[in-house]
Amino acid sequence: MNDFNISETGYYGEFGGAYIPEILFPPVENLRKAYSEILNDPDFQREFHALLCDYAGRPSALSLAERLSEKYACKIYLKREDLNHTGSHKINNAIGQILLARRMGKTRIIAETGAGQHGVAAATVCARMNMECVIYMGKTDVERQQLNVRKMNMLGAKVVPVTAGNMTLKDATNEAIRDWCGNSSNTYYVIGSTVGPHPYPDMVARIQSVIGKEIKQQLAEKEGRDYPDYLVACVGGGSNAAGTIYEYLNDLKVKIILAEAGGKGIDSGKSAATIRLGRVGVIHGAKTLLIQTEDGQIQEPYSISAGLDYPGIGPMLANLAKTNRAEVLAINDDEALKAAFDLTRMEGIIPALESAHALGIFDKRPFKPDDIVVVCISGRGDKDMETYVTSLLRNA
134 MNDFNISETG
144 YYGEFGGAYI
154 PEILFPPVEN
164 LRKAYSEILN
174 DPDFQREFHA
184 LLCDYAGRPS
194 ALSLAERLSE
204 KYACKIYLKR
214 EDLNHTGSHK
224 INNAIGQILL
234 ARRMGKTRII
244 AETGAGQHGV
254 AAATVCARMN
264 MECVIYMGKT
274 DVERQQLNVR
284 KMNMLGAKVV
294 PVTAGNMTLK
304 DATNEAIRDW
314 CGNSSNTYYV
324 IGSTVGPHPY
334 PDMVARIQSV
344 IGKEIKQQLA
354 EKEGRDYPDY
364 LVACVGGGSN
374 AAGTIYEYLN
384 DLKVKIILAE
394 AGGKGIDSGK
404 SAATIRLGRV
414 GVIHGAKTLL
424 IQTEDGQIQE
434 PYSISAGLDY
444 PGIGPMLANL
454 AKTNRAEVLA
464 INDDEALKAA
474 FDLTRMEGII
484 PALESAHALG
494 IFDKRPFKPD
504 DIVVVCISGR
514 GDKDMETYVT
524 SLLRNA
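Counting in the working numbering, the sequence shown runs from 134 upward without gaps.
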């Protein structure tokens, strides 16, 4: 059987590794030596799962979408990460990494955020654990995600608007790394997705694997078998996707579909379809697929969704695409908006724009009537209401 998990040196096939400046070698190496032992420690696991249950509200529901299932002639289940405390899957990772940081003796937390959900989750857990929190966020995202910025401020975090580059997630990550370089003795960098140097992609995937573990248990109860025919998730950096599929990576009877952000179209010059458009390169410490020019300069991505406009992709997901373990579909802005309104009006669930991209796959490919398809609804749409209202007004 093929093995799609990480190697001892931090690679998924040809992707991964730790391409870092010398100044970051000590904190990254300390984390690499500590993370697996801490994550596997029974006391850590007890505290982690207690917080997931009593604080984050897990397990999240696995809901049968009856009307969507009827429309698309298959059985569609929604993994409801939108029901978690703070409204997305990001709380799982924030709890796990901040507990780890505390066990490593760190007192200050920094994070990057795009759509704001990771920032809110980090700020929330820092408030719970009485830790200093600084969130880097691109100025473009600060302006289009004001609700989440206000939440982070209310929770006591300092939000730093980043004005470099396209002023989005890539640039926020750059600034967070600069901070970490100068403050690594007391600071822990909570990366929000399966990106960055080893061990971050593996660590985040393992923490988020609670999603797939719950899917197994819930499907066994609802369907009499613990696996679906298809798993579907949106991908930017890829943490909700990694968490959804982690338990099924080597189960080849389970097909994986990844929905990336097509923006205004693959060939429009305004897209974040990293897997379709990317070439092998290095970004933020990992070798992966990257949208870049012929001479290797990073091209600015675009998506209507603040959480998907990242020019790279997690190395695990790059490997799954390269080896054809996962099918990848690019969903453009209009397709994502349509999928969001369909879910809202047919199931009474307003999804995040990121999650809407995952739902957009149903208009692109057929399924069989007996197919069980599980879609990760990675977050709720509160933060995207202005975009949704603008779309309604434009089309009125």
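Cβ atoms here follow ideal geometry from the backbone N, Cα and C, with glycine treated the same way.
These numbers come from a predicted model, not from an experiment.
Checklist line | Whether I246 touches G325 by CB criterion (8 Å) | finding: Residue numbering aside, residue 246 sits at position 113 when the sequence shown is read from its first letter. Residue numbering aside, residue 325 sits at position 192 when the sequence shown is read from its first letter. Reading the sequence as shown, one finds Thr at residue 246 and not Ile. The answer is yes: Cβ separation under 8 Å.
Next item on the list: Within 10 angstroms of the Cβ of M264, are there 16 or more other Cβ atoms? Answer buried if so, exposed if not.
Entry: Within the sequence shown, numbered from 1, the residue matching residue 264 stands at position 131. Buried, because 16 or more other Cβ atoms sit within 10 Å of the Cβ of M264.
Margin query: Between which residues of its own chain and L470 is the CB-CB distance below 6 Å, once the five residues before and five after are set aside?
Written below: The count along the sequence shown starts at 1 and reaches residue 470 at position 337. If we look at L470 and ignore the five residues flanking it on each side, its Cβ neighbours are S524.
Next item on the list: Identify whether K212 lies in helix, strand or coil by the three-state DSSP scheme.
Entry: Along the sequence shown, read from residue 1 onward, the residue named residue 212 stands at position 79. In this structure, K212 counts as strand in the three-state DSSP scheme.
Next item on the list: Let me know if K346 comes out buried or exposed under the rule of 16 or more other beta-carbons within 10 Å of its beta-carbon.
Entry: If you number the sequence shown from 1, residue 346 lands on position 213. With fewer than 16 other Cβ atoms within 10 Å, it is exposed.
Next item on the list: Please say whether K397 and N465 have beta carbons closer to each other than 8 Å?
Entry: For this step, residue 465 is matched to residue 332 along the sequence shown. For this step, residue 397 is matched to residue 264 along the sequence shown. Going by C-beta atoms, N465 is nearer than 8 Å to K397.
Next item on the list: From the DSSP output, in three-state form, read off N465 for me.
Entry: The residue labelled residue 465 in the question sits at position 332 within the sequence shown. In the structure shown, N465 sits in a strand (DSSP, three-state: E or B).
Next item on the list: Per DSSP, which residues does F495 bridge with? Please list them.
Entry: Position 362 of the sequence shown, counted from the first residue, corresponds to residue 495. F495 pairs with nothing; no bridge assigned.
Next item on the list: Note down, one range per segment and in chain order, each beta strand (DSSP E) of at least 3 residues found wholly within the region 292-348.
Entry: 320-323
Next item on the list: Identify, in the order they occur along the chain, each residue of the same chain with its Cβ nearer than 6 Å to the Cβ of G395, setting aside the five sequence neighbours on each side.
Entry: The residue labelled residue 395 in the question sits at position 262 within the sequence shown. If we look at G395 and ignore the five residues flanking it on each side, its Cβ neighbours are S404, A406, A463, I464 and N465.
Check: Between which two residues does the beta strand (DSSP E) containing A366 stretch?
Finding: Position 233 of the sequence shown, counted from the first residue, corresponds to residue 366. From DSSP, the beta strand (DSSP E) with A366 extends over Y363 to V368.
Checklist line | Closest Cα partner of N317 within the set G402, F158 and L423 | finding: Position 184 of the sequence shown, counting from 1, holds the residue named residue 317. It is worth fixing the name first, because residue 317 is Ser in this sequence and not Asn. That would be F158, whose Cα lies nearest to the Cα of S317.
Next item on the list: Check G229 in the structure and name its three-state DSSP category.
Entry: The residue given as residue 229 occupies position 96 in the sequence shown. Three-state result, G229: helix.
Notebook entry, point to check: Apart from the five residues just before and just after G369, which ones in its own chain have a Cβ nearer than 6 Å to its Cβ?
Noted result: Counting from 1 along the sequence shown, the entry for residue 369 is found at position 236. Once the five neighbours on either side are set aside, the close Cβ partners of G369 are G440, L441 and Y443.
Notebook entry, point to check: So is P502 buried or exposed if we call it buried at 16+ other beta carbons inside 10 Å?
Noted result: For the purposes of this step, residue 502 is taken as residue 369 along the sequence shown, with counting starting at 1. When all chains shown are included, P502 counts as exposed.
Margin query: Using a Cβ-Cβ cutoff of less than 6 Å, which residues in the same chain neighbour V282 once the five nearest sequence positions on both sides are dropped?
Written below: Numbered from its first residue, the sequence shown carries residue 282 at position 149. So the list reads V275 and V292, once near-sequence residues are dropped.
Margin query: Looking at C509: is its Cβ nearer than 8 Å to the Cβ of I389?
Written below: Taking the first residue of the sequence shown as position 1, residue 509 is located at position 376. Taking the first residue of the sequence shown as position 1, residue 389 is located at position 256. Contact flag unset, no.
Note to self: Could you check whether R200 and E480 sit closer than 8 Å to each other, using their CB atoms as the reference points?
What the structure shows: As a working note, residue 480 is residue 347 in the sequence shown. As a working note, residue 200 is residue 67 in the sequence shown. Contact: yes.
Notebook entry, point to check: Nearest to H222 by CA position, among G418, Y363 and T377, is which residue?
Noted result: Counted from its first residue, the sequence shown places residue 222 at position 89. It is T377 whose Cα lies nearest to the Cα of H222.
Note to self: Mapping the DSSP letters down to three states, classify L195 as helix, strand or coil.
What the structure shows: Sequence index remark: in the sequence shown, residue 195 carries index 62 (1-based). In the structure shown, L195 sits in a strand (DSSP, three-state: E or B).
Next item on the list: Would you mind reading off the limits of the alpha helix (DSSP H) that contains Y269?
Entry: On the sequence shown, position 136 is the one that residue 269 refers to. Premise fails: Y269 lies in the beta strand (DSSP E), E265 to G271, not in any alpha helix (DSSP H).
Notebook entry, point to check: Along the chain, which unbroken stretches of the beta strand (DSSP E) at least 3 residues long are found entirely within the region 412-436?
Noted result: 412-416 and 419-423
Notebook entry, point to check: Grouping DSSP H, G and I as helix and E and B as strand, with all else coil, what is V506?
Noted result: One-based indexing of the sequence shown puts residue 506 at position 373. Three-state DSSP puts V506 in a strand.
Check: Would you report the Cα separation of C259 and P294, rounded to the nearest angstrom?
Finding: Stepping through the sequence shown from its first residue, residue 259 is reached at position 126. Stepping through the sequence shown from its first residue, residue 294 is reached at position 161. Roughly 19 Å separates the two Cα atoms.
Notebook entry, point to check: Out of curiosity, what's the CA-to-CA distance linking L422 and H251?
Noted result: To locate residue 422, count along the sequence shown from 1; it is residue 289. To locate residue 251, count along the sequence shown from 1; it is residue 118. If I take the Cα positions, the gap works out to 23 Å.
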